[in-house]
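Trainee: In our numbering, the protein residues as written are 3 to 271. Think of the CB as a built atom: it goes at the ideal place given N, C-alpha and C, for glycine as much as any other residue.
Here you go:
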């Protein structure tokens, strides 16, 4: 009878331990996935996942991160879990919130259950800027960066760059919403941007097509992915650095190709 009681207690302890380990793995993978989907560097993702596991009293955890998948185990001869990542955007607010939650867990301000629930809530209710706000930001960005990058410009190009940049960014958001094809939004948007600029400059010859195009394109240039790719490469994360560099390179090709096609077929009109 005593042996049976001991066996039951041992079984319950093992089940409880397995449930706890599963929750730690799920919490770490969810935090890492949110950060990669929001454009975080790989070293920051690994540091956050390992920090959560250490503060959950599992110091021997190991993880392997790539832009398309996460792998994590809690130590030698322990179970391993993975999660796939298909959608990647730039949202530094989410990265900051995940870091803030992991630090709160490290300071014992929240429990593992609370951390897991808050991460699930963050994943389900991401507070992103509205399309109108994004278009407004692209409008301001287009005209101001035109002034920053062009040494020789006319102030008459300023409002035109804002209009072209803002309207084309709205088209980009619409294409991205309804299309699953990578880089299609950048290509089509760049073609429309080039066609609009050529048409406006044809109507108003005093405008500079170069100034307007350079300012308008700045809202679509993959600046953060290029920075993250170089950061990963310099830190030795060759897989993620190479993948992100190729992704940024293909985005740049799509933008340049769209503008080139527009100039090729419409530049003579």
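For residue 246, count neighbouring C-beta atoms within 10 Å of its own C-beta (all shown protein chains included) and say buried if the count is 16 or more, exposed if not.
Mentor: Result: buried.
Trainee: List the residues that DSSP assigns as beta-bridge partners of residue 292.
Mentor: Beyond the ends of the chain as shown, which are 3 and 271, falls residue 292; an answer cannot be given.
Trainee: If I'm right that residue 32 touches residue 108 with Cβ under 8 Å, what's the distance once you round it to whole angstroms?
Mentor: Rounded, the Cβ-Cβ distance is 17 Å, inconsistent with contact.
Trainee: Kindly provide the ranges of any alpha helix (DSSP H) runs that are 4 or more residues long and lie completely inside the segment 166-223, ordered along the chain.
Mentor: 186-205 and 211-219
Trainee: Might you give, ordered along the chain, the residues of its own chain that have their beta carbon closer than 7 Å to the beta carbon of residue 19, omitting 5 neighbours on each side?
Mentor: none
Trainee: Please report the straight-line C-alpha distance between residue 39 and residue 206, rounded to a whole angstrom.
Mentor: 43 Å
Trainee: Measure the C-alpha to C-alpha separation of residue 193 and residue 34 and round it to an integer number of angstroms.
Mentor: 36 Å
Trainee: Specify whether the segment 210-218 and the segment 139-149 touch according to this definition: at least 3 beta carbon pairs, one from each stretch, less than 8 Å apart.
Mentor: yes
Trainee: According to DSSP, is residue 15 helix, strand or coil?
Mentor: Low local confidence applies: a pLDDT of 47 at residue 15 is under 50, so the model's placement there is unreliable, with the coordinate-based value given in what follows. Three-state result, residue 15: helix.
Trainee: Going by alpha carbons, who is nearest to residue 67 out of 197, 258 and 238?
Mentor: 238
Trainee: On the three-pair Cβ rule with 8 Å, is the segment 23-31 touching the segment 72-87?
Mentor: yes
Trainee: Measuring straight from C-alpha to C-alpha, what distance separates residue 261 and residue 59?
Mentor: 54 Å
Trainee: Quick check: what's the CA-CA separation for residue 1 versus residue 229?
Mentor: Residue 1 lies beyond the stretch modelled for the chain, which goes from 3 to 271, so this question has no answer here.
Trainee: What's the gap between the Cα of residue 57 and the Cα of residue 85?
Mentor: 22 Å
Trainee: Roughly how many angstroms separate the alpha carbons of residue 127 and residue 121, rounded to a whole number?
Mentor: 10 Å
Trainee: Residue 113 CB to nearest chain C CB: under 8 Å?
Mentor: Among the chains of the structure shown, chain C does not appear; only one protein chain is present.
Trainee: Under 8 Å by Cβ, that's how I've got residue 186 and residue 133 pegged, so tell me the actual separation to the nearest angstrom.
Mentor: The C-beta separation of residue 186 from residue 133 comes to about 18 Å, leaving the pair out of contact by the 8 Å criterion.
Trainee: Just to confirm before moving on: does the CB-CB distance between residue 167 and residue 197 stay below 8 Å?
Mentor: Not a contact, by the Cβ cut-off of 8 Å.
Trainee: Measure the C-alpha to C-alpha separation of residue 64 and residue 44 and round it to an integer number of angstroms.
Mentor: 14 Å
Trainee: Can you tell me which of 172, 152 and 48 puts its alpha carbon nearest to the alpha carbon of residue 221?
Mentor: 172
Trainee: Any idea what DSSP makes of residue 246, helix, strand or coil?
Mentor: helix
Trainee: According to DSSP, simplified to helix, strand and coil, what is residue 263?
Mentor: helix
Trainee: Would you call the CB atoms of residue 235 and residue 243 closer than 8 Å?
Mentor: yes
Trainee: Considering residue 90, what are the terminal residues of the beta strand (DSSP E) in which it resides?
Mentor: Residue 90 -> no beta strand (DSSP E), and no H or E assigned at all.
Trainee: Could you check whether residue 200 and residue 268 sit closer than 8 Å to each other, using their CB atoms as the reference points?
Mentor: yes
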